[in-house]
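This note's numbering puts the sequence shown at residues 398 to 581. All residues carry an ideal CB built from backbone N, CA and C; glycine is no exception.
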Amino acid sequence: MQANEFVYEKAFDRNLGWLTEEQQAKLKNSLVAIAGVGGAGGYQAQALARLGVGAFRIADLDTFDMTNMNRQMGATMSTIGVDKCEVMRQMILDINPQAKVEVFSKGINPENITAFLDGVDVALDGIDLYEIEVKRLFFRHTRLKGIPSLTCAPMGFGATMIMFSPTGMSFDEYFDFSDKLDPT
């Protein structure tokens, strides 16, 4: 083995002990969808790549900007103006060159949500907090497809994480959203 040759088992062997070999193999064979890879989603992508997740589907319609420097994983001087998905794709592949990364650079929308979620094991919400209709689209379709989904949001000086099971309370039920709400 050469010093710069990537070997999955060696790269992630320090996960063993808090993960079993079977769990690590499951991560290697998992497909995770992350909708939004700026703030929360960028950190999620990086952490999951370091855990050894083998396949990603990432979506974001934005490029990095100077205003992202204080909080977004991929924001650096060299990535200003660069597509967030492409930056995160390269970051994932720099960690695990064997990973499969499919990019949705137009974000998620009614036309591509089915393709974005097809075959996914778990879906993570990194969508901007104020994009409620996109969030509702994401969670409605994860539920329809039977995919566990997670959201994480900053709350004061902490954070909250909510996992939505395909058979439990829905995103809309939890937050009491409906199509009849006045958006103002």
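When you compare each of Asn426, Cys482, Gly414 and Tyr405 to glycine 435 by their alpha carbons, which one comes out closest?
Cys482
Are three or more beta carbon pairs between the segment 485-505 and the segment 433-447 nearer than 8 angstroms?
yes
Between histidine 538 and isoleucine 559, how many whole angstroms is the CB-CB distance? I'm expecting something under 8 angstroms.
Incorrect: roughly 17 angstroms between the Cβ atoms, too far for contact.
I believe glycine 504 touches alanine 437 by the beta-carbon criterion, under 8 angstroms. Please report the beta-carbon distance rounded to the nearest angstrom.
Incorrect: roughly 15 angstroms between the Cβ atoms, too far for contact.
Hey, out of Gly543, Phe535, Glu418 and Ala472, whose CA is closest to glycine 565's CA?
Gly543
Taking the alpha helix (DSSP H) that phenylalanine 535 falls in, what are its first and last residues?
529-541
Arginine 454: first and last residue of the uninterrupted alpha helix (DSSP H) it sits in:
That residue, arginine 454, is in no alpha helix (DSSP H); its beta strand (DSSP E) goes 452-456.
Any alpha helix (DSSP H) of 4 or more consecutive residues that is wholly inside the segment 453-519
481-492 and 510-514
Look up alanine 432 in the DSSP assignment and say whether it is helix, strand or coil.
strand
With 16 as the cutoff for other CB atoms within 10 Å, does glycine 449 come out buried or exposed?
buried
Do you know offhand how far glutamine 421's Cα is from phenylalanine 501's?
27 angstroms
C-beta contact flag for valine 479 and phenylalanine 453 at 8 angstroms
no
Decide if threonine 557 is buried, meaning its Cβ has at least 16 other Cβ atoms within 10 Å, or exposed.
exposed
What residue range is occupied by the uninterrupted beta strand (DSSP E) comprising phenylalanine 561?
555-561
Return the CA-CA distance between asparagine 394 and alanine 400, expressed in angstroms with no decimal places.
Because residue 394 is not part of the residues shown, which for the chain are 398 to 581, the question remains open.
Rounded to whole angstroms, how far is the Cβ of arginine 533 from the Cβ of aspartate 573, which I believe are closer than 8 angstroms?
Going by Cβ atoms, the distance from arginine 533 to aspartate 573 rounds to 12 angstroms, so no, they are not a contact pair.
Would asparagine 467 be called buried (16 or more neighbouring beta carbons within 10 Å of its own) or exposed?
exposed
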